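Numbering (the working numbering), first residue to last: 5 to 321.
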């Protein structure tokens with residue numbers, strides 16, 4: 005049979021001597037204690053031994069009644085009793101700063117997953133959103149982002165937006181050096197270019213152009229540097245009206261380490277003289293019996309005389 009206690013005016017107090025308890029006994033535990041107004045607990049400790057705790061309020065406030073600017077005790081949060089293991093906490097820590105991507109300044113107060121000894125604990129989730137802003141990681145010290153523990157992470161980097169690790173980058177560089185084919189390197193109007201007959205048609209060649217001027221071209225059977233052509237053991241010039249000059253640096257001589265071989269000019273060939281040089285060339289031998297001819301700056305042509313002929317002429321004349 006239900007009973008109701010009415011207090012028509014003033015407050016109603018139930019008091020026991022210090023150290024004693026007030027118990028609302030609903031029997032086997034299936035009954036309810038219902039408080040229709042607000043419930044204020046003014047003691048230092050509140051213990052709830054229910055197997056399930058249902059709270060309708062969508063935001064639970066801890067550190068209620070704080071009067072300072074921030075958490076006076078530096079940390080506030082939720083602690084998980086782990087029995088004989090060290091308890092775990094989710095706390096807001098005023099002593100830890102973080103780099104704010106918006107203001108680019110360090111701000112105090114950071115959420116931390118830790119145990120009661122201050123050891124940082126792991127967080128398991130499959131997505132982090134920043135609302136479209138930047139995501140800053142680590143923010144201080146010398147730490148790195150690691151995927152340690154995964155199975156060949158570098159082999160899983162197969163999509164454009166997947167973040168690579170060092171191993172992936174190392175492998176990509178190694179593979180690139182081995183397989184990437186670069187046919188052209190350019191900077192302004194200077195170009196290094198490679199042609200291959202099997203791919204580009206024409207003649208396989210390697211070309212170097214400096215300031216829009218082709219300075220070198222290497223083919224399978226010849227090399228051109230400036231206007232000089234090296235073809236096997238032959239050195240020639242591409243200039244139709246130019247000369248091939250051999251010169252030395254610092255001394256007025258050019259050394260030839262073997263026999264000098266000159267072609268024999270036809271007797272009808274006209275050798276133009278040079279006012280700055282002596283020309284030496286080969287023609288059919290005449291009275292000098294050498295076949296080595298010269299033409300000086302005065303356009304005088306003559307043959308160098310052999311030793312035997314010079315002795316004979318000396319005896320005759």
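We put the CB at the ideal spot given by N, CA and C, even for glycine. Nothing here was measured: the structure is a model prediction, and the numbers come from that model.
Output the residue ranges of the beta strand (DSSP E) runs that lie fully inside the region 61-137 and measure 3 residues or longer, sorted by chain position. 79-84, 92-104, 109-119
Within 10 angstroms of its Cβ, does residue 303 collect 16 or more other Cβ (buried), or is it exposed? exposed
In chain order, what residues of the same chain have a beta carbon less than 6 Å from the beta carbon of residue 196, not counting five sequence neighbours either side? 189, 212
Below 8 Å between beta carbons: does that hold for residue 151 and residue 169? yes
Per-residue DSSP class, three states only, for residue 53: coil
From the DSSP output, read off the bridge partner residues of residue 278. 281
Residues bridged to residue 167 by DSSP? According to DSSP, residue 167 bridges with nothing at all.
Can you name the start and end residues of the beta strand (DSSP E) that residue 191 belongs to? From DSSP, the beta strand (DSSP E) with residue 191 extends over 188-191.
On the three-state DSSP scale, how would you describe residue 183? helix
Return the first residue and the last residue of the beta strand (DSSP E) that residue 218 is part of. 217-223
Going by the CB atoms, is the gap between residue 248 and residue 241 shorter than 8 Å? yes
Taking 7 Å as the cut-off, does the CB of residue 127 come closer than this to any heavy atom belonging to the ligand ATP? Summarising the ligand content, the structure contains no ligands, and the ligand ATP is consequently not present.
Environment of residue 228 [buried if 16+ CB atoms lie within 10 Å]: buried
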